Amino acid sequence: MAPRIGLKSLEKRRTLIDGVRSNLHVLAIGVKYFVNPRRMTLVYPKEYPRLSEGYRGFIILEKKKCISCAACARICPSAAMKMIRVMEPDPKHPEKPRMKQYPVINYQRCIFCGYCVDVCPTEALYHVNYHDVVYDNLAEMFWDLDTFQKEPEYKTALEGRPVRIMVHEELGLIKVPVGEGG
Amino acid sequence: MSLAEVAAAIIGWPPVWQVLVIGFLGSLVIAVLAVWFERKAAARVQRRLGPYWASPRLGGLLHLIADMVRYAFQYPIIPRTVDLIPFLAAPIAGMVIALLPLAVVPFTSNPAYWPLPPSAMEYSLLIALAIVTLPPIFIIAAGWASNNPFAVIGGVREAFIIVAYELIAILGFLGAAASTGTFNLVAIVEAQGGIMWLAILNPLAFLAAFIAIVMSTSAFPFEIPESEPEVVAGPFTEYSGLLYALNMGGAYMRRFALSIILALTFLGGWYPLVPGEGLLMGYILPSVVVVVKAVIVVLAISFLRAVYGRYRLDQALDLAWKILLPMALAGIALGLFEASIGLT
Ligand code: SF4
Ligand code: SF4
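Top line first, the protein sequences correspond to chains B and D.
Each residue of the first sequence is one higher than the one before, counting from 610 in my numbering.
Each residue of the second sequence is one higher than the one before, counting from 1360 in my numbering.
See below:
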């Protein structure tokens, strides 16, 4: 097959005028933003993003609803959730304690994928809508059964102001303050 | 004479005063201010906040002080492979020589406070420009003595840039001399008292000199020798702690010294103030005016960081040789033309 001959056009050479004009343009943009900055930095501990319901934050167990099916522990991709055995009074025969299994969670491993919440047949697990909780050491991130039933204290909310981050058509990202309610 | 009087006389001698107090102390303050402004301005333009948490009320100004303290107390690591004496001497000599132009520039028209005798004052612009060309050699020396590929490449880039901008800077400043017909900085400033600043009368030479200053102190968009993503820190790769701060400070001091020459030659020097008699009116206030103008130039250079990216070496050289050099020559021609029709 004979080689095909094609025409390739080069871009037009930029003239000196173009260069001067584009330099002035970029300087004008710089001055515009310098005079009227539209910052979108979130001053984090002072302002914090109010995340929507359904955000996959920390996972909490409602022990009453749990039927010990272990589906959560089996589906967990990072083996963060494990079943433990506890002795507790049997509701039918109060005098005889019985053995029951409950999940506990290791937040060193959890990747907040939410599979466990999705798979739970009785909705015994639920997410809270925050994520920024700080621990002093790794051992504290290993939750026992009691801790697993309490929502962790959200310290950021005590100091900071909640804002919602939205996309504005012209301004880009903007922060809208939200009231305490939502 | 007591010891204190002798010390006061030495410090008060204009060349020493100008280098030590205006130059060294002034440029320390200005370096902190300029770096802070650079970061804040870039943050404003790029829709960020910039330094903040160190002192929210001052807009993070103390952040820079903390940086300086950190540099001062950082453990300086000197690699075994470096050429020790040039490695140590280059940043120090570079910084000292960067300030030396201030020993020859006048800050007033009152002859009692000139740093040079009136006969030498005739050539003060030439002397200042001659000294200005010295420090870059120490940057190359620093890179060479570091014995590190990144440093050597950085030094070579600096050498390329020097060859380009040195000519432009000198021709640009000589545009002012052509306009006024003298090398005497005092006469150049006084020529601008009459009609107008040379920056307006001779914008070509002014722009050439300004861009040459930006190039020579490797500010954006010409931060090529120290370009971080390509050559780590260029000639200063092996430096740490105080020596690194000296290198960086040297660049700011050179920028400040060149800005003072620019303020004198193109921005009207001590005008609108007319120096009178006495220490205050004759020396201190005029020098404050000159320094304020120079600081504005330094801050304007810092602002460029916010909007420009970094040029490639070939783009910078292209700009220098193809556009700025003819522009500087045109500036001289314009200056001669203006002088011939008696505009200045
Ligand atoms: S969120 Fe995912 S990783 Fe975390 S415990 Fe549940 S299943 Fe495991
Ligand atoms: S999936 Fe739900 S019900 Fe089953 S063990 Fe886990 S928490 Fe309990």
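Built from N, CA and C at the ideal position, the CB exists for glycine as well.
The structure presented is a predicted model; accordingly, all values stated were derived computationally and were not measured.
According to DSSP, is residue i helix, strand or coil?
| i | result |
| --- | --- |
| D:W1556 | coil |
| B:I614 | coil |
| D:L1626 | coil |
| D:W1376 | helix |
| D:F1466 | coil |
| B:E760 | coil |
| B:W752 | strand |
| B:Y657 | strand |
| B:G790 | Caution applies to B:G790, whose pLDDT of 45 falls short of 50 and renders its modelled position unreliable; the model cannot decide the point. |
| D:A1540 | Reading off the sequence, residue 1540 of chain D comes out as Gly, not Ala. Of the three classes helix, strand and coil, the one that applies to D:G1540 here is coil, per DSSP. |
| B:P801 | Residue 801 of chain B cannot be examined here, being either before or after the span of chain B that is shown, 610 to 791. |
| B:H777 | strand |
| B:R694 | strand |
| B:N715 | strand |
| D:N1606 | helix |
| D:I1486 | helix |
| D:I1643 | helix |
| D:Q1674 | helix |
| B:L734 | strand |
| B:R707 | strand |
| D:L1417 | helix |
| B:L782 | strand |
| B:L670 | strand |
| B:V743 | coil |
| D:W1503 | helix |
| D:P1715 | Residue 1715 of chain D lies beyond the stretch modelled for chain D, which goes from 1360 to 1703, so this question has no answer here. |
| B:N645 | coil |
| D:V1591 | coil |
| D:F1579 | coil |
| B:F721 | coil |
| D:P1631 | coil |
| B:H634 | helix |
| D:K1399 | helix |
| D:Q1405 | coil |
Here's the rule I'm using: 16 or more other beta-carbon atoms within 10 Å means buried, otherwise exposed. How should residue i be labelled?
| i | result |
| --- | --- |
| B:F757 | buried |
| D:K1399 | buried |
| D:F1432 | exposed |
| D:K1652 | buried |
| B:V785 | exposed |
| D:I1520 | buried |
| B:G790 | Residue confidence for B:G790 is low, a pLDDT of 45 falling below 50, so the modelled location carries little weight; the figure read from the coordinates is stated next. Exposed is the call here. |
| B:H702 | exposed |
| B:H634 | exposed |
| D:A1568 | buried |
| D:F1696 | exposed |
| D:R1614 | buried |
| D:V1365 | exposed |
| D:P1476 | exposed |
| D:L1563 | buried |
Mind pulling the chain D residues with CB within less than 7 Å of residue i?
| i | result |
| --- | --- |
| B:T650 | R1407, L1408 |
In chain B, what lies closer than 9 Å to residue i by C-beta?
| i | result |
| --- | --- |
| D:A1665 | G639, Y642, F643 |
| D:I1326 | Any question about residue 1326 of chain D goes unanswered here, given that chain D covers just 1360 to 1703. |
Along chain D, which residues have their Cβ under 8 Å away from the Cβ of residue i?
| i | result |
| --- | --- |
| B:R647 | R1406 |
| B:V635 | V1666, Y1667 |
List the residues of chain B that residue i touches, going by C-beta distances under 7 Å, in chain order.
| i | result |
| --- | --- |
| D:A1567 | Simply none; closest approach about 14 Å. |
| D:A1400 | F643 |
| D:R1403 | Y642, F643, P646 |
Taking residue i and residue j to be in contact with their CB atoms under 8 Å, please state how far apart those CB atoms are, rounded to whole angstroms.
| i | j | result |
| --- | --- | --- |
| D:G1593 | D:P1435 | No, D:G1593 and D:P1435 are not in contact; Cβ-Cβ is about 18 Å, not under 8 Å. |
| D:L1544 | D:L1484 | 5 Å |
| B:V728 | B:C681 | 6 Å |
| D:L1557 | D:F1625 | 5 Å |
| D:I1682 | B:L636 | Not quite, the Cβ-Cβ distance comes to about 17 Å (not below 8 Å), so this is no contact. |
| D:T1467 | D:P1634 | 4 Å |
| D:I1486 | D:V1463 | 5 Å |
| D:G1382 | D:A1616 | 7 Å |
| B:S687 | B:I714 | Not a contact, Cβ separation roughly 11 Å. |
Mind listing the chain B neighbours of residue i? Cutoff is C-beta to C-beta under 8 Å, in chain order.
| i | result |
| --- | --- |
| D:V1662 | Correcting the residue identity first, residue 1662 of chain D is Phe in this sequence and not Val. The contacting residues are G639, F643. |
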